[in-house]
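Numbering (the working numbering), first residue to last: 20 to 213. Just below is one structure, and these are the notes that go with it.
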């Protein structure tokens, strides 16, 4: 009986979590990433970080990969707002179909808010918002997606929960900023569920 239960536990554990991926920018080449804006890998205190160096010609600065197939699970990243007169901060993008269709979670220190957006056919619409102040420096953002429900965390604290069913297909993952928000990112971690 114990052998059957152990086999069942292993099967369920393997079948629930399909991938557990950490993208280390010290070892990751951006050549296969879709980039809008000028992105680069910078060394800071003996670690490599992904940074936006120059904004794109459009409204949004994107850096994402289609090599990770995300539908449900969680994504986290460490982020830091470096500068920006019009906009600051940034965040995660997921279920990315292309540069005009995806979900976004972003923090903006100029507005002191954390928001969920959907970008559909190139148009951005707000889904949820929370007013929050964060100190300058590095912070951790995490989203959890299950079916049409997503939850947003900053530094381990839950701030957002929303539902949306406009993007239901598997898509890529990445990072996002807007306008002149020059930001840095590190430790992109993805757990996908079957």
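Even glycine gets a Cβ: it sits at the ideal position worked out from N, Cα and C. None of the values given here were measured: they were computed from a predicted structure.
Asked, Found
"Local Cβ density within 10 Å of residue 45, reported as buried at 16 or more and exposed below that", "exposed"
"Rounded separation between residue 76 and residue 57 - CA only", "10 angstroms"
"Outcome for residue 164 when other beta-carbon atoms lying within 10 angstroms are tallied against a minimum of 16", "buried"
"Sheet register partners of residue 161 (DSSP bridge)", "95 and 172"
"Cβ shell of residue 157 (< 6 angstroms), same chain only, five flanking positions each side left out", "97 and 99"
"Entirely enclosed alpha helix (DSSP H) segments - the stretch 51-81, minimum 4 residues", "none"
"beta-carbon residue 210 near the ligand HEM non-hydrogen atom, thresh 7 angstroms", "Absence of the ligand HEM is noted for the structure shown, with no ligands found whatsoever."
"Residue 62 burial status per 10 Å Cβ neighbour count (16 or more: buried)", "exposed"
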